[in-house]
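S.K.: At the far end of the sequence shown sits residue 105, using UniProt numbering, and the numbering has no gaps.
Beta carbons: idealized from backbone N, C-alpha and C, even for Gly.
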Amino acid sequence: MSGPDKPKVIGEEWSDERVKSFLDLSPWDKNLNPDHFVLIRAYESMRAGDFERFLAFFVEAGRDLNAEDEHGQTILDRVSQHRRSSDYARALEKAGAKQKATAGN
Numbered sequence: 001m002s003g004p005d006k007p008k009v010i011g012e013e014w015s016d017e018r019v020k021s022f023l024d025l026s027p028w029d030k031n032l033n034p035d036h037f038v039l040i041r042a043y044e045s046m047r048a049g050d051f052e053r054f055l056a057f058f059v060e061a062g063r064d065l066n067a068e069d070e071h072g073q074t075i076l077d078r079v080s081q082h083r084r085s086s087d088y089a090r091a092l093e094k095a096g097a098k099q100k101a102t103a104g105n
């Protein structure tokens, strides 16, 4: 991940191990949904292709693509609000994610 002291690296190849490592993240606030937390961190950190690979590992691990945040939004709800995130939204839909209105929650 990048930050003020670490320059963002463009075009860096992510191994499967690095992509899968996001499955081990845990929210610092126990009130946050762990599946939603992991999805947001992956979305914020990965390029669209790596995110799509991550989603396959996420689903394979039996995690919830339609987990909601503290405001009742799914990851697809959030991603769909960002006009430059259409590749991420497509990857989520392909993996089976739904917006809250259609998730049946």
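Taking 8 Å as the cut-off, does the CB of PHE22 come closer than this to any heavy atom belonging to the ligand COA?
M.R.: Absence of the ligand COA from the depicted structure is noted, as is the absence of any ligand whatsoever, leaving it without description.
S.K.: Can you name, in chain order, every residue of its own chain whose Cβ lies under 6 Å from the Cβ of VAL19, other than the five neighbours on each side?
M.R.: These residues qualify, in order along the chain: ASP50, ARG53, PHE54.
S.K.: Given a cut-off of 9 Å on the beta-carbon distance, is the pair ALA42 and PHE22 in contact?
M.R.: In contact: ALA42 and PHE22 (Cβ atoms closer than 9 Å).
S.K.: If we call anything under 9 Å between Cβ atoms a contact, is LEU39 one with PHE57?
M.R.: Against a cut-off of 9 Å, the Cβ pair of PHE57 and LEU39 comes out as no contact.
S.K.: Please name the residue, chosen from ARG83, GLU68, ARG84, that lies closest to ASN31 on a Cα-to-Cα basis.
M.R.: The candidate whose alpha carbon is nearest that of ASN31 is GLU68.
S.K.: Just mark HIS82 as buried or exposed, buried being the case when its beta carbon has 16 or more other beta carbons within 10 Å.
M.R.: It counts as exposed.
S.K.: Could you tell me which of SER15, TRP14, PRO34 sits nearest to ASP64, measuring between CA atoms?
M.R.: The shortest Cα separation from ASP64 among SER15, TRP14, PRO34 belongs to PRO34.
S.K.: Between TYR88 and the rest of its own chain, which residues show a CB-CB distance below 7 Å, the 5 nearest in sequence each way excluded?
M.R.: TYR43, ALA48, PHE51, VAL79.
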